[in-house]
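Letter 25 of the sequence shown, counting from 1, is numbered 25 in the numbering used here, and no numbers are missing.
Positions of the beta carbon are idealized from the N, C-alpha and C atoms, including for glycine.
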Amino acid sequence: MKSQLSLYERQYEGEQQRLTEAQKVGAELASEEARSTVEAMNKWLPELRRLANG
């Protein structure tokens with residue numbers, strides 16, 4: 001479970017960085033995709049962290 005969490009943590013950080021970069025350059029579609037992914041992960045990642053850390 002912890003290895004999966006590590007993977008998701010890296011993906012989450014990458015999506016946050018992608019969102020920031022897309023907003024900087026005005027890439028609307030990339031920004032919207034990253035925002036949607038981050039919002040979805042915000043809903044379930046805290047629970048996964050809780051389960052992984054027992």
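Under a CB-based cut-off of 7 Å, is residue i close to chain C?
{"i": "glutamine 11", "result": "You won't find chain C in this structure, because it holds only one protein chain."}
Would you give the residue range spanned by the alpha helix (DSSP H) that residue i belongs to?
{"i": "glycine 14", "result": "2-25"}
Out of the options, point me to the one whose CA is closest to residue i's CA.
{"i": "glutamate 15", "options": "Ala27, Ala52, Leu51, Val38", "result": "Val38"}
{"i": "asparagine 42", "options": "Met1, Lys2, Ser3, Tyr8", "result": "Tyr8"}
{"i": "arginine 10", "options": "Asn53, Arg50, Leu45", "result": "Leu45"}
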